[in-house]
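Student: Here the sequence shown stands for residues 1 to 1181, where the numbers follow the UniProt record's numbering.
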Amino acid sequence: MKTIAWNCRGTNKNPTIRALKAMNKEHNPDYLFLSETKADERRIDIIRRRLGFYQCFCVPSLGKAGGLAMFWKAGMEVRVLEANSWLIAMSVKQEYGHEWLLVGVYGPPYARYRREFWESLQEVVHEFGGPWMCVGDFNCIISQEEKRGGSKIGSSSGGGLREFMEDWGGIDLGFIGYEFTWCNKRGGLANIRERLDRAICNGDWRLIFPKAGVIHLPLLQSDHNPIMVVANLEVGRKARPFRFEAAWTRDASSHQVIEAAWEEPVRGSASYRLMRRIQRAAKGLRKWNRENFGWCNTRIEEIKQKLVEYQRVEPSTQNISHLINLQQELDEWLVRQEVIWRQKSREIWLEEGDKNTKFFHLSTVIRRRANNIDRIKLEDDNWLTEMGDIENYFLDNFRHLYQSSNPTWPADLEGLIQPCIEELENERLCRVPSVEEIKGTVWEMNPWKAPGPNGMPGVFYQTYWEVVGNDIIAAVQNFFSSGVMLRELNQTFIILIPKKMGADNFNMFRPISLCNFSYKIISKIIVARLRPILERLISPTQAAFVPGRWIAENTVIVHEIVHTFQKKKKGKGLLGIKLDIQKAYDRVEWQFVLKVKAVNLAKSGMFASRNVHRVVLNKIAKDWGCKKISLDAKYLGSPLFLTRRKSKDFEFLAERLEAKINSWSSKYLSWAGRATMIRSVAQMIPVYTMSTFKIPSKICDRMDATIRRFWWKNGSNTRRFTAWKNWESLCQPRHCGGMGFRKFKEMNVALLAKMAWLVASNNEKLCVKVLKAKYARNNDWLRGKKVRSASWVWRSIENCSSLISKGRCLSVGSGQSINVWMEPWVPGAVNFKPTPRMEEARDTPMVVANLIDPLTRWWDVDKMRNFFDAESIELIKRIPIPVCAFSGGEDEKMCSLCGIQEESEVHLFKECHVAKMAWFGTKWCIRLEKFQINSRLDLVNLFIDPPNELLDQNFNQDQFLLLAAITVELIWKARNETIFNKKDLVLNTLPNHIEKVFDLYYKDSRLDSNMDIQCPQVWKAPQAQGIKMNVDAAWKDGKASLAVIARDHHGECVKAWVLNVVTISAEAAEAMAVRMAVLKVLEEKYYHVVIEGDAKFVMDSLSTSFHRGSWEAARIIEDILQLVKVLQGTSLIFQWTRRNSNVVAHLLAKWAFCSGFNGSLMNGSLPGKVAKAIESEKAYL
1 MKTIAWNCRG TNKNPTIRAL KAMNKEHNPD YLFLSETKAD ERRIDIIRRR
51 LGFYQCFCVP SLGKAGGLAM FWKAGMEVRV LEANSWLIAM SVKQEYGHEW
101 LLVGVYGPPY ARYRREFWES LQEVVHEFGG PWMCVGDFNC IISQEEKRGG
151 SKIGSSSGGG LREFMEDWGG IDLGFIGYEF TWCNKRGGLA NIRERLDRAI
201 CNGDWRLIFP KAGVIHLPLL QSDHNPIMVV ANLEVGRKAR PFRFEAAWTR
251 DASSHQVIEA AWEEPVRGSA SYRLMRRIQR AAKGLRKWNR ENFGWCNTRI
301 EEIKQKLVEY QRVEPSTQNI SHLINLQQEL DEWLVRQEVI WRQKSREIWL
351 EEGDKNTKFF HLSTVIRRRA NNIDRIKLED DNWLTEMGDI ENYFLDNFRH
401 LYQSSNPTWP ADLEGLIQPC IEELENERLC RVPSVEEIKG TVWEMNPWKA
451 PGPNGMPGVF YQTYWEVVGN DIIAAVQNFF SSGVMLRELN QTFIILIPKK
501 MGADNFNMFR PISLCNFSYK IISKIIVARL RPILERLISP TQAAFVPGRW
551 IAENTVIVHE IVHTFQKKKK GKGLLGIKLD IQKAYDRVEW QFVLKVKAVN
601 LAKSGMFASR NVHRVVLNKI AKDWGCKKIS LDAKYLGSPL FLTRRKSKDF
651 EFLAERLEAK INSWSSKYLS WAGRATMIRS VAQMIPVYTM STFKIPSKIC
701 DRMDATIRRF WWKNGSNTRR FTAWKNWESL CQPRHCGGMG FRKFKEMNVA
751 LLAKMAWLVA SNNEKLCVKV LKAKYARNND WLRGKKVRSA SWVWRSIENC
801 SSLISKGRCL SVGSGQSINV WMEPWVPGAV NFKPTPRMEE ARDTPMVVAN
851 LIDPLTRWWD VDKMRNFFDA ESIELIKRIP IPVCAFSGGE DEKMCSLCGI
901 QEESEVHLFK ECHVAKMAWF GTKWCIRLEK FQINSRLDLV NLFIDPPNEL
951 LDQNFNQDQF LLLAAITVEL IWKARNETIF NKKDLVLNTL PNHIEKVFDL
1001 YYKDSRLDSN MDIQCPQVWK APQAQGIKMN VDAAWKDGKA SLAVIARDHH
1051 GECVKAWVLN VVTISAEAAE AMAVRMAVLK VLEEKYYHVV IEGDAKFVMD
1101 SLSTSFHRGS WEAARIIEDI LQLVKVLQGT SLIFQWTRRN SNVVAHLLAK
1151 WAFCSGFNGS LMNGSLPGKV AKAIESEKAY L
């Protein structure tokens, strides 16, 4: 079936009649609709006979204006329902029983008649109540993209059409061919082109004609192009490749098919065995589907028929039981049907099981029609319509595209890029992945993504993992060990996606690859391993696709360049050139990279500052073959040039949202589906632009109204709807009783605040450096005056300065630049400022550095008591001070405990009178001066292997080692208290403290020795000669215990450390634990170290060198990165792990928190739970 609609601008001229006869002969339409005929009934009947149509209906013109006519061929069952000056509506009955409404439309060119026109069209559609399709000249456009030249359209220009499509679920059928259907036929800047003619339908009509499409025919005698609606554009359908249906997984017998395919033996490599078994499984599933599973629609109809039969018979117990079973079976088949259509629709944001089958079905039809390639326009303006010709056209173009230019290999290529990956990192990149890594990768991937040539998506592998898992693991591991990939595994479907509606040549399609799922497992593992080091491999100017970088940075920089050009009025002129590299990602050769010859001039352009004369600009454009960039051009989806009318500049956001809403009518979605669509899709559309620009309130309100209408309408065909709850309530979080929707204005402020915070926090991003250099050279821009004549980007950021000021709290480094009373620096305090003990204290000028003791590198509590109240002091004590904030001073040479001799390990722990008191004052009365101890090693050997005279029946070797560790730790702690906190040492208390800690510790270790600690096989030992340090922290109410345990490749504990601190949050505590581990690496001189913890935000921040997490931990993470730079010659890797593989550090931190112990622990002195956990993990190595 074919329908042609044409605004012929009069039928009284012979050229128009000749054009009609030629068009009718070439396309042979079943229906022909003409508008602006400017003829009476007699003239129309003459035209009918000359064109050979069976019958016609016309609306005579009023003088020399208007006039409509509808023609149809013999054999069409047609009934005219309504006709007026703007439309002809008639019902059409197909041979196979479908009845639908065909409306020929001529929209009024004058605004005063448009309301009457839309009301009459709505009334016709409403009265019919079934499938409908409207075609013709609507005399309006929906968005600015449908217009070229002239002034920008107003928000009300296409309002009638947009509202009609929203209210009645209208779907634009799109088009093939030239994108505009009307031209004013003027030259130069006066030329205006618009898409005034179109065909729209509702979802029911789209489901009846899933392959229907619109073709824009060549411009004839009129200023309008004829358009032709073809019910079936797809001809010569080919057999589709095998596709695994997710609904099959709901049938238990499908497992038997997979098991049978996997049981047959196959010889060959792991990859070959996998691919052969997948082929067998596909063959078996085809047969099983044909013989057992069947067609969902057929099964559903059969069950419904049985239900009707059982409802008619006597309601006996047996019949009722059968009825219930049939109802359950029907529900299962309905779910299967929904799963099938969801998989085909590719709408992965919406879950099945929510009665959205019709929505999935309609989405599938629309997507397939939009992606179908029906005809191609050649350079000589001829068209290819045969499928074989179209295939050859694309094959020839791809062969030409991927043909090598035989470039010359550059000399000294090896020295082009300096090595930046360490040997240990390279080993990690190349190592054979473990079973857990492969399985985790499989479950991280989306199971609904389109499959590759073998037809098996992720849901197949996840569902039948017990059967297919071993082969998948073997194939992946075989690739990493051998470096060889089976050719069949690497086969790929290339899918051509149109870049815009009406794509008709090679450059208008975007190729994407559909790879086999097993291939994607390998690539995802490689990507996951590369991600932490991408920042070192990729240039800083590449802002996209790298963790920690943001593609919007380029938008900011470009807009600042354009703004500078626009403000340039004196001096030398400025010229900017926008280059588009043709097919940059399709092929890369060294000649292409080095000489950059493949510039796409069609997409390139130039722009200049105001003081460049037009004559000069035209000459440059002529010489270079480069055109001037249009004022409505976009860069990365945002307007390149902004005007004073910001509502016009950003109106495309509202239009884009409305187009998306119109394509997904709420009529076909459940409430849950609509809520998901709003949160996950609709409200994400303007996020990118909102991140860098303040969007006018008018546009935000319009988008809010669109979302509100979509939510409440519930498929009603009217502009009016009942809002059962105010929008403010629905925009509350779900845990507060709302739906989690967002207001666009508030979302815009939040996103801009993120950009403002980057500037306020002196982020190292290139866009921030540009903004600060241009507008905020001083760091006090938040309190400074607003910049005059600033760009819209900076003015948008400045609007958020008050919001940033309310939540801004400075991180303490050295404290030299933070004013105690003026700056916000105390987390948890009112306005982040400390409260003075007396108001007079504010008169004392101070910086935070004055409150830090340079010797202890910690807060001077005594000094703070003179200025602040108790609550402020407690809050300040929780603020961590970075180690790298101070250069440090020289160590004291004399012993701080006795002040008599120089301090050394032997003196401090053996010869000092305080040490003698500590050893002898306990109940064991130990005298170390009896033994020959000349070095630290002698001291350690004595503790590990004590002589028999230090032991007896009630005091064994393990107990002595424990006592020695406690005594040494408490002597060291007493020494630090004397130096840093200037506390006087009371000798009598030290031996008692040693006995108390020993009894507590020994009792805990005996209780723990009876407990069986079970640890899963998850902790991985480091490589030979390497050390793995697991870290963790326990935090509660501002107090934290940090734990670090170092183990070798045998799993043996080398050393452990615990430290109790005061800190502001759990995240800060986790970061401090990692910092303590780095300090121990420096202290112990480890050379090959992996630091592993379960705080993902800390490990991600360190492994990728950018911060993700709370601001409380940011300064500590920066401190760690500075410490890492000091580690020369040390290979250090930060690695995240799950909690169940960090059990030892977790138990150690909990023990330290409960016991209050500080210091180091050796293998023999670990708490019982920790020791048991280590032994349990060693058993699995």
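Using N, Cα and C, we set each Cβ at its ideal position, and we do this for glycine too.
Can you look up A915 in the DSSP assignment and give me helix, strand or coil?
Tutor: Residue state, collapsed to three classes: helix.
Student: Starting from A552, trace the alpha helix (DSSP H) in both directions and tell me its first and last residue.
Tutor: Taken as a continuous stretch (DSSP letters only), the alpha helix (DSSP H) holding A552 covers A552 to K567.
Student: What residue ranges within the region 1045 to 1111 form continuous alpha helix (DSSP H) runs of no fewer than 4 residues, ordered along the chain?
Tutor: If we require 4 residues or more, the alpha helix (DSSP H) runs fully inside the region 1045 to 1111 come out as 1066 to 1084 and 1096 to 1104.
Student: Given this structure, state the Cα-to-Cα distance separating A5 from G136, to the nearest angstrom.
Tutor: For A5 and G136, the distance between alpha carbons rounds to 5 Å.
Student: CA-CA distance, V847 and W448?
Tutor: Going by the C-alpha atoms only, they are around 58 Å apart.
Student: If we count Cβ pairs, one from each stretch, closer than 8 Å, do we get three or more for the region 261 to 281 versus the region 462 to 481?
Tutor: With a cut-off of 8 Å, the region 462 to 481 and the region 261 to 281 count as touching, because enough Cβ pairs lie within range.
Student: Measuring CB to CB, does A1145 end up less than 7 Å from D1037?
Tutor: No, they are not a contact pair.
Student: Given this structure, state the Cα-to-Cα distance separating residue 1201 from Y1086, to the nearest angstrom.
Tutor: What the structure shows of the chain is the stretch from 1 to 1181, and residue 1201 is not part of that stretch, so it cannot be assessed.
Student: What are the boundary residues of the beta strand (DSSP E) that G174 is part of?
Tutor: Here G174 belongs to no beta strand (DSSP E), and DSSP marks it neither H nor E.
Student: By the 10 Å Cβ neighbour count, where 16 or more other Cβ atoms means buried, how is T11 classified, buried or exposed?
Tutor: Flag for T11 reads buried.
Student: Hey, how far is the Cα of A753 from the Cα of E728?
Tutor: So the two alpha carbons sit approximately 22 Å from each other.
Student: With distances taken from CA atoms, which of M1029, V1062, R431 and I303 is nearest S481?
Tutor: The option with the nearest alpha carbon to S481 is R431.
Student: In terms of DSSP beta bridges, what is P498 paired with?
Tutor: According to DSSP, P498 bridges with F509.
Student: Provide the residue(s) that pair with F33 in DSSP beta bridges, ordered along the chain.
Tutor: Answer is A5 and M70.
Student: Using a Cβ-Cβ cutoff of less than 7 Å, which residues in the same chain neighbour P824 once the five nearest sequence positions on both sides are dropped?
Tutor: So the qualifying residues of the chain are R808, C809, L810, N831, F832 and K833.
Student: Please determine if the region 216 to 228 and the region 296 to 308 are in contact, where contact requires at least 3 C-beta pairs separated by less than 8 Å.
Tutor: Output reads no: the region 296 to 308 does not touch the region 216 to 228.
Student: Among D1048, F1153, K1080 and I1117, which one has its Cα closest to the Cα of L1042?
Tutor: L1042 has its Cα closest to that of F1153, out of D1048, F1153, K1080 and I1117.
Student: Could you tell me the alpha carbon to alpha carbon distance between K745 and D701, rounded to whole angstroms?
Tutor: If you take the alpha carbons of K745 and D701, they lie about 8 Å apart.
Student: Answer yes or no: do V813 and P882 have a C-beta to C-beta separation smaller than 7 Å?
Tutor: Note on residue identity: the sequence assigns Gly, not Val, to residue 813. Yes. Within cutoff.
Student: Going by beta-carbon coordinates alone, are F175 and V214 separated by less than 7 Å?
Tutor: Yes, these two residues count as a Cβ contact at 7 Å.
Student: Please confirm whether V1018 and K1039 have their CB atoms less than 7 Å apart.
Tutor: It is not a contact, given that the beta carbons lie outside the stated cut-off.
Student: Residues in the same chain with beta-carbon distance under 7 Å from F209, minus the five sequence neighbours each way, listed in chain order, please.
Tutor: A231, listed in sequence order.
Student: Grab me the residues of C340's own chain with a C-beta within less than 7 Å of its C-beta, minus the 5 sequence neighbours each way, in chain order.
Tutor: Reading the sequence as shown, one finds Ile at residue 340 and not Cys. Closer than 7 Å at the Cβ level, and outside the excluded window around I340, lie E245, A247 and C296.
Student: Does C58 come out as helix, strand or coil in the three-state DSSP assignment?
Tutor: In this structure, C58 counts as strand in the three-state DSSP scheme.
Student: Which runs of the alpha helix (DSSP H) spanning at least 4 residues fall entirely within the region 376 to 402, listed in chain order?
Tutor: Runs of the alpha helix (DSSP H) inside the region 376 to 402: 387 to 401.
Student: Have a look at A654 and V1074 and give me their C-alpha separation to the nearest angstrom.
Tutor: Cα to Cα, the separation comes out at about 47 Å.
Student: Tell me, please, whether the CB atom of Y106 is closer than 7 Å to any CB atom in chain B?
Tutor: This model lacks chain B altogether, as it is built from one protein chain only.
Student: Give me, in chain order, the residues of the same chain whose beta-carbon lies closer than 6 Å to that of S254; leave out the 5 immediate sequence neighbours on both sides.
Tutor: Hits under 6 Å: W248.
Student: Going by C-alpha to C-alpha distance, which of S523, W550, S1165 and K287 sits closest to E535?
Tutor: Nearest C-alpha to E535: W550.
Student: Give me the Cα-Cα distance between residue 1184 and F506, rounded to the nearest whole angstrom.
Tutor: In the structure displayed, the chain extends from 1 to 1181; residue 1184 sits before or after that span and is not available.
Student: Alpha carbon to alpha carbon, how far is K152 from R18? Give it in angstroms, no decimals.
Tutor: Cα to Cα, the separation comes out at about 37 Å.
Student: Whole angstroms are fine: how far does the CA of W711 sit from the CA of Q732?
Tutor: Approximately 15 Å between the Cα atoms of the pair.
Student: Taking Cβ to Cβ, would you say H993 is nearer than 7 Å to A1021?
Tutor: Contact: no.
Student: Run through DSSP, which three-state label would S904 get?
Tutor: Coil, per DSSP.
Student: Compute the distance between the beta-carbons of F650 and I707, then report whether it is under 7 Å.
Tutor: Contact: no.
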